[in-house]
Amino acid sequence: MNFLAHAYLSFGDPKVLIGNYIGDFVRGDLTKTYEPEIIIGVQLHREIDTFTDTHPVVKEAQSLLRPIYARYSTVITDMYFDHFLSKFWEEYHPVPIDIYAAQVYEILNGHKAILPPNFLIAFDMMVSYNWLVSYGRLDGIRDAMIGVSKRTSFNSKMETAHLFLEENYDVLLAHFKEFFPLLVTYSKERFEALKESV
């Protein structure tokens, strides 16, 4: 659910961005379906997720949510971090968030023919609700949390997660500000290593 972070961590490479976006939607041998740069993006996506899910700072943030949201604390933390990245975007990227988001949508839209059908469902919603921009507003993250809550099989309580964010804003923001630069450094290193391995 941290689509903005995955776009940012594609480092301006359109094909890597495509792979970074479909990483959760593809399986098996991709070499017959996708070109090497897209496969790099898929691999990078998975390494980003592993680094994030196992990092002590992220685990500490998740531990704040777990008593209420249980296993959904990981998804919620991802969405919180995308909220912070979108809200404070000008601290991380020179292109304004609305222009950047439009560029991401344009890249993905231009490659719709090769995008997995199950990703296209999420992509259509992403564009319709302009997730990359709207996540930066509390009402936007509220609507996204409610939307995810309606699609979960169990009682996720995610429809209240925007309230938890408001009540614990400074603490969660501090976790994001500590973690995100570490993620950027790690992702750059892995990106370069993956390019060299092709």
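Heads up: the sequence shown at position 122 corresponds to 993 in the working numbering, and the numbers run straight through without jumps. The beta carbon of each residue, even a glycine, is placed where N, CA and C say it ideally should be.
Thinking just about the alpha-carbon of each residue, which of Tyr905, Ala941, Thr948 is nearest to the one in Asp1071?
The structure shown does not extend to residue 1071, since the chain spans only 872 to 1069, so no value can be given for it.
Inspect the beta-carbon positions of Arg1061 and Glu918 and report whether they are closer than 9 Å.
Contact: yes.
I think His916 touches Phe1050, with their Cβ atoms under 8 Å apart; what is that distance to the nearest whole Å?
The Cβ separation is near 17 Å, so there is no contact.
Would you call the CB atoms of His964 and Tyr1040 closer than 9 Å?
For His964 and Tyr1040, no; Cβs fall outside 9 Å.
Within the 9 Å Cβ cut-off, does Val928 reach chain C?
Among the protein chains of the structure shown there is no chain C, as only one such chain exists.
Are the segment 1042-1059 and the segment 1002-1015 touching, with three or more C-beta to C-beta distances below 8 Å?
Output reads no: the segment 1002-1015 does not touch the segment 1042-1059.
Which one of Leu979, Arg937, Leu935 has the shortest CA to CA distance from Asn891?
It is Leu979 whose Cα lies nearest to the Cα of Asn891.
Where in the segment 1012-1038 do unbroken runs of the alpha helix (DSSP H), each at least 4 residues long, occur, reported from the N-terminal end onward?
With a minimum length of 4 residues, the continuous alpha helix (DSSP H) runs that stay inside the segment 1012-1038 are 1032-1038.
What span of residues does the alpha helix (DSSP H) with Thr1056 cover, start to end?
Residues 1040-1068.
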